[in-house]
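Novice: Below you will find the structure I want to go over with you.
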Ligand code: FEO
């Protein structure tokens, strides 16, 4: 049996991951609408990753005999003003998700729930990568976003991203 508070936070995280998926689908659609199909593809892959994250939390709860409680997923709440702002919002969102994972880790740590801490280790590392990816995109956009030819090449680069399932298996 897991600690009640830890279970509550694990359930909440399912919702946050699905919200992330929904948010990145919104971002993906924005780029497709604006002719940047490579960026659209990049965020579509990101959406798939977030779905996979949510399912890892589902599986973890089920593996521990806990019930999964699904809540309503909020409407994406980010103003899609321009291509670069969307990237900045991505970094902000990932920093927020990092804070949620750390909060969850802290709750598990406080009750000596070593199993959940070990499960969360993968997410702690993953969040470092997610933040770096978003930051790299901002840097590239700052460098190349104002030159049409360079932007075209960057968009082509992002078009090649393909989804791979998380390395964590439960
Ligand atoms: Fe599920 Fe982007 O972190």
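Residue numbers (my numbering): 111 to 280.
Every residue gets a Cβ at the ideal spot worked out from N, C-alpha and C, and that includes glycine.
The ligand FEO heavy atoms versus the CB of residue 209: any closer than 8 Å?
Specialist: No, the beta carbon of residue 209 sits no closer than 8 Å to any heavy atom of the ligand FEO.
Novice: When every heavy atom of the ligand FEO is checked, does at least one fall within less than 8 Å of the C-beta of residue 212?
Specialist: No, the Cβ of residue 212 stays beyond 8 Å of every heavy atom of the ligand FEO.
Novice: Would you report the Cα separation of residue 234 and residue 190, rounded to the nearest angstrom?
Specialist: Those two C-alpha atoms are separated by around 28 Å.
Novice: Here's a check: name, in chain order, each residue in its chain whose Cβ is nearer than 7 Å to the Cβ of residue 112, leaving out the five neighbours to either side.
Specialist: Correct list, in chain order: 174, 176, 223 and 226.
Novice: Just to check my reading of the structure: residue 120 and residue 214 have Cβ atoms closer than 8 Å, yes? What is that Cβ distance to the nearest angstrom?
Specialist: Confirmed, Cβ separation roughly 7 Å.
Novice: In whole angstroms, give me the CA-to-CA distance for residue 264 and residue 161.
Specialist: Between residue 264 and residue 161, the C-alpha separation is close to 26 Å.
Novice: Rounded to the nearest angstrom, what separates residue 218 and residue 275 at their Cα positions?
Specialist: Roughly 26 Å separates the two Cα atoms.
Novice: Can you list, in chain order, the residues of its chain whose CB lies under 6 Å from that of residue 188, leaving out five sequence neighbours each side?
Specialist: Cβ within range, chain order: 199.
Novice: Nearest to residue 133 by alpha carbon, out of 246, 196 and 271?
Specialist: The shortest Cα separation from residue 133 among 246, 196 and 271 belongs to 196.
Novice: So what does DSSP say about residue 111, is it helix, strand or coil?
Specialist: Correct three-state label for residue 111: coil.
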